[in-house]
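Structure record follows, encoded as structure tokens.
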Amino acid sequence: MPNNNRNKSQFFQPMEHLSELCYRKAITVFQLKKNFKDMSSASISMPSFVINKPETAPIAMILVVDDNAWNRETLVKLLLEKGIQVVSAENGVKALELIASNNFSLVLLDAKMPKFNGVEVLKKARISFTPLELPIIMMTARGEAKDIIAALELGANDYITKPIDFPIAFARIQTHLLLNKSFREIEELKQNLGDKNEKLETANRRLNRDLEAAAAIQQAQLPDDLPTFPGVNFAWIFEPHEKLAGDMLHVFPIGTNKVGFFVLDVSGHGAPAALLSVTVSRHITGLQGEAGNKLLEKPQKILASLNQKFTMDNMGDNFFTIAYCVLDLTTLELIYCLAGHPGMIYLPKGSNPTVLDKPAIPIGLFDDSVYSEERLQLHDGDRLVLYSDGIIEAVNPEKQSFGKDNLKSSLHKSSDAKLPKSFKQVMKDVKDWCKPDRPTDDLTILGIEINKNK
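Last residue of the sequence shown: number 455 in this note's numbering, and the count goes up by one each step with no gaps.
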């Protein structure tokens, strides 16, 4: 019998994380837009994932699947109040029957159900429906990182954690409904190419708006409110070359006395690079928890696991570089590992900056790549700077790169300033170097300063 006696307060409460998979639709739609741009009626190449669907998309209709009657009925009521058609199911078997016989715009699927759980429903649904055709958002208890990762790897578009904050959950639902609607409209356009010009112009304008929204969501993935740690200050600047960037950075606590931080840079630009950068970032930060912390605090093991998971075969021939660091807040010992990423700049207080370089293969190129950890003892007043290659590879009109020497010089000259101001000076120096042109790559810089007096 389903357990309908759970504490109601455990279902609808605030949750914390935005998911990178909300980009999946926006980025794929962006690629479809590019395919349509120069399309002619004489020569048309369409993606292979199309399956037979009704020619006209219905009004948004959501399937809510939860074995807990109160949870299910509450979600249905709230969605109906938002003007959305809702169908509900109390178990996985009924859910699959409804999915097979209806054209849902989205499925809200509880991960934990007796007999036939949500992950099994997801696996079977993905046999017939791609994530573009049927968005599926998993509902899972907070802290169940293993279930979340398994669902995402099986093709879940997103997840929301219980207790649920409905306004935030509904914002995610709206995002996926919007992107699914755009996908359906493009499918319809492909079937009606006779009058494609006017419709494609309308779709392009809409997709541009969606792309701008996706860029805003990507910005929201960055650590806007940096976690505070005693005696340690962080600062960063992130400037995409295009609306969507292949760079990503993050800062996050590991247990009670350690902090992890990284900068990664995906090969290429635009939508594919942005999707991968967010996917990798969310994969790393999604490991937070009692079990995942043991992996997060070991940079070499993190990079080795990333290299096994994100191979070029499943990344569309993309690869990425990363600088991954863990700082012990008690001893101030830094453990770091690089995978093809530019060497970090270490600025000891009162001394000249040095480059911490460790040649290694980027993630995804070879299955047998080996990564090694390095250790560095930090002291009061020291600074450490991570950055993407867009900074040192920025070129002037004479095709000369900005380079690590200029970066060290810029950081050293501004070392008396606070970290954010120092980074602004670096960005100014890079852009001045490129004038009258502008940098041709994403510009990302992340730094840490030891300040034991604060």
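Each residue gets a CB set at the ideal place from its N, CA and C atoms; glycine is no exception. In this text, all values refer to a predicted model and were calculated from it rather than measured experimentally.
Residue i - partner residues in DSSP beta bridges
| i | result |
| --- | --- |
| Lys259 | Ile255 and Asp329 |
| Leu277 | For Leu277, which the question treats as bridged, DSSP gives no partner whatsoever. |
| Gln289 | For Gln289, which the question treats as bridged, DSSP gives no partner whatsoever. |
| Ala236 | Gly448 |
| Cys338 | Tyr325 |
| Met249 | Leu265 |
| Val65 | Ser89 and Leu109 |
| Met139 | Leu110 and Tyr160 |
| Phe230 | Val233 |
| Met345 | Leu357 |
Member of the options whose CA lies at the smallest distance from the CA of residue i
| i | options | result |
| --- | --- | --- |
| Ser1 | Leu99, Phe321 and Gly271 | Lying before the first or after the last residue shown, residue 1 is absent from the chain, which here runs from 2 to 455. |
| Lys432 | Ala361, Asp266, Glu240 and Lys125 | Glu240 |
| Asp67 | Ala324, Glu98, Gly119 and Glu394 | Gly119 |
| Leu330 | Phe262, Thr286 and Cys338 | Phe262 |
| Val279 | Leu250, Ser306 and Gly293 | Leu250 |
| Met289 | Gly269, Phe117, Leu379 and Phe253 | Just to set this straight, residue 289 is Gln in the shown sequence, not Met. With distances taken between Cα atoms, Gln289 lies closest to Phe253. |
| Lys125 | Phe105, Ile393, Ile100 and Asn104 | Ile100 |
| Asp443 | Val327, Ile137, Val264 and Phe367 | Val264 |
| Glu291 | Tyr337, Phe311, Pro164 and Thr257 | Thr257 |
| Leu245 | Ala272, Arg185, Thr176 and Leu447 | Ala272 |
| Cys326 | Glu91, Leu339 and Asn158 | Leu339 |
| Leu368 | Ser415, Ser416, Phe311 and Glu98 | In the sequence on display, residue 368 carries Asp and not Leu. Of the listed residues, the one whose Cα sits closest to Asp368 is Phe311. |
| Asp318 | Val88, Leu366 and Pro136 | Leu366 |
| Ile451 | Val260, Trp71, Ala70 and Pro168 | Val260 |
| Leu97 | Glu82, Ile137, Ile85 and Asn72 | Ile137 |
| Cys435 | Thr445, Val396 and Asp417 | Val396 |
| Ala305 | Leu387, Gln86 and Ala361 | Ala361 |
| Leu81 | Leu387, Leu64, Glu91 and Asn69 | Leu64 |
| Phe230 | Leu385, Ile255 and Leu277 | Ile255 |
| Pro343 | Ala324, Asp148 and Leu109 | Ala324 |
| Ile285 | Leu412, Asn308 and Gly269 | Asn308 |
| Glu213 | Pro164, Ala275 and Val233 | Ala275 |
| Leu208 | Val77, Thr176, Asn454 and Asp438 | Thr176 |
| Pro363 | His413, Leu379, Asp266 and Lys429 | Asp266 |
| Ser389 | Met114, His242 and Arg210 | His242 |
| Asn454 | Phe167, Gly232 and Asp430 | Gly232 |
| Glu186 | Arg173, Ser410 and Thr203 | Thr203 |
| Asn78 | Phe171, Lys116, Asp148 and Ile150 | Here residue 78 is Lys; the residue named in the question, Asn, does not match the sequence. Measuring from the Cα of Lys78, the nearest candidate turns out to be Phe171. |
| Met313 | Ser268, Leu328 and Gly287 | Ser268 |
| Ile165 | Phe117, Leu178, Leu76 and Lys429 | Leu76 |
| Pro437 | Glu399, Ala151 and His413 | Glu399 |
| Phe184 | Pro168, Arg173, Gln401 and Leu201 | Leu201 |
| Ile303 | Ser411, Asp148, Gly247 and Tyr372 | Tyr372 |
| Asp413 | Asp430, Gln401 and Pro168 | The sequence given here has His at residue 413, not Asp. With distances taken between Cα atoms, His413 lies closest to Asp430. |
| Leu328 | Ser89, Gly287, Gly293 and Leu379 | Leu379 |
| Ile149 | Ala112, Lys182, Asp406 and Leu107 | Ala112 |
| Ile85 | Leu107, Ala70 and Asn69 | Leu107 |
| Leu333 | Ala70, Asn234, Gly293 and Ser410 | Asn234 |
| Gly351 | Ser415, Leu190 and Arg206 | Ser415 |
Cβ distance (whole Å) where residue i is taken to contact residue j below 8 Å
| i | j | result |
| --- | --- | --- |
| Ala142 | Thr162 | 7 Å |
| Met462 | Phe105 | No statement about residue 462 is possible, as the shown extent of the chain runs from 2 to 455 and does not include it. |
| Ile346 | Leu408 | 6 Å |
| Leu123 | Leu155 | 5 Å |
| Glu74 | Gly93 | Not confirmed; about 18 Å, so no contact. |
| Gly404 | Pro440 | Contact doesn't hold; Cβ gap of about 14 Å is too wide. |
| Asn158 | Pro132 | 5 Å |
| Leu335 | Leu387 | No, Leu335 and Leu387 are not in contact; Cβ-Cβ is about 11 Å, not under 8 Å. |
| Asp383 | Pro349 | 5 Å |
| Leu385 | Ile446 | 11 Å between Cβ atoms; not a contact. |
| Gln301 | Glu374 | 5 Å |
| Asn160 | Ala151 | Note on residue identity: the sequence assigns Tyr, not Asn, to residue 160. Actually they are not in contact, since the Cβ atoms of Tyr160 and Ala151 sit about 11 Å apart, beyond 8 Å. |
Cβ of residue i within 8 Å of any chain C Cβ
| i | result |
| --- | --- |
| Phe130 | Of the chains in the structure shown, none is chain C; there is only one protein chain. |
Residue i beta carbon near the ligand SAH (any heavy atom closer than 7 Å)
| i | result |
| --- | --- |
| Lys295 | Within the structure as shown, the ligand SAH is missing, as the structure has no ligands at all. |
Margin query: Taking contact to mean 3 or more Cβ pairs, one atom from each stretch, closer than 8 Å, check whether the segment 356-366 and the segment 284-298 are in contact.
Written below: With fewer than three CB-CB distances shorter than 8 Å, the segment 356-366 does not count as touching the segment 284-298.
Item checked: the segment 228-238 in contact with the segment 418-427 per 3-pair CB rule at 8 Å -> yes
Next item on the list: Kindly provide the ranges of any beta strand (DSSP E) runs that are 3 or more residues long and lie completely inside the segment 145-206, ordered along the chain.
Entry: 159-163
Note to self: At 3 residues or longer, what runs of the beta strand (DSSP E) sit wholly inside the segment 347-417?
What the structure shows: 355-357, 375-378 and 384-388
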